[in-house]
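Residue numbers (full-length UniProt numbering): 1 to 353.
A short worksheet on the structure shown next.
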């Protein structure tokens, strides 16, 4: 995924103290520990640009749900599932979710935390991530629903406490979860990325208003982006925004046509995400296959409506293009492409095989 290094049919990756020192063929390193990957493909670690890791214990709970079922059952009423979480539940969900990502070759994850009912919930989430050893962007996000929140609940203000205590070499902080003017202003003031859900055209129109106020920029990643107007896509493209697409989860919940092709057509960087294991799988080969199939199906629909043969206009993505969305594209969407996403010498980038 590094055009300078290129693709090698056979080669070596030399890592010293967690840093990629050299990529090439026949690298001399007599004293190095050798991990033999003969017959395998060595890739950058996958980057999961949208995930709710606290939901790990709810695996497949909403795998046959619709969008509104998911939101109502998870958040509505005092008996809603998310409202039952104690800090310990959050901790184990984050730890288990992080280890599951690592086992699947995903070495970096954007964790959209929607279970910060108290500072203890938030701290438990961060401790679970730390213990796992995964690289993460912790998108501190509000909780939702018609329930009584703790008196100490304070989103987004608690981010100031976290900035003084939570950062580490492997964890970066960000803000989420939705399109909100005050949130965008706070992120700009604190120089933090934002990961904002844009689930329909109404949120997209808000983004257009925010562009007029100078609130959009390259530090913003938009999640889902379903059913957006062309003018919204143009605003995202003009301001350098990125998009995270969770193709399996979005289609499982019947949220609407995938945004993948619209993003590509407007020159917007796309990263892939898994959303939640309560809805679909966490492994990235499944995500890439789904993205590839949905992309081609969408192109076929457009070609059919125009009475032309699909692919003749050169607009079909290649499998490599999809792989880029899972690696360097995901790193850009996660706002960490300075660290991960490619096998680049003199970097702390991680490998998967």
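Think of the CB as a built atom: it goes at the ideal place given N, C-alpha and C, for glycine as much as any other residue.
- Between residue 139 and residue 174, the C-beta spacing is below 8 Å.
- Residue environment for residue 20: buried (at least 16 other C-beta atoms within 10 angstroms of its C-beta).
- Under DSSP, residue 271 forms a beta bridge with 244.
- Annotated three-state conformation of residue 298 is helix, per DSSP.
- Per the DSSP secondary-structure output, residue 12 pairs in a beta bridge with 24.
- Proximity of the stretch 60–78 to the stretch 16–31 falls short of the contact definition, fewer than three beta-carbon pairs being nearer than 8 Å.
- Taking the CA atoms as reference points, residue 318 sits about 43 Å from residue 83.
- The straight-line gap separating the alpha-carbon atoms of residue 204 and residue 223 is approximately 11 Å.
- The shortest CA-to-CA distance from residue 113 to any of 154, 298, 51 and 232 is the one to 51.
- Our two residues, residue 308 and residue 154, have alpha carbons roughly 55 Å apart in a direct line.
- Assigned with DSSP and collapsed to three states, residue 135 falls in strand.
- Exclusion of the five residues before and after residue 303 leaves 310 as the residues of its chain whose Cβ lies within less than 6 Å of its Cβ.
- Distance from residue 194 to residue 184 at the Cβ level is roughly 6 Å; contact confirmed, criterion being Cβ atoms closer than 8 Å.
- Scanning its chain for C-beta atoms nearer than 6 Å, with the 5 sequence neighbours on each side dropped, one finds around residue 266 the residues 233 and 237, in chain order.
- Straight across, the Cα-Cα distance linking residue 226 with residue 259 is about 6 Å.
- In the structure shown, the three-state DSSP call for residue 76 is coil.
- Cα atoms of residue 128 and residue 91: separation of roughly 5 Å, rounded to the nearest angstrom.
- Runs of beta strand (DSSP E) with 3 or more residues, each lying fully within the UniProt domain "Amidohydrolase-related" (197–345), are found at 220–224, 242–245 and 269–272, listed in chain order.
- Counting of Cβ neighbours within 10 angstroms places residue 333 among the buried residues, the total reaching 16 or more.
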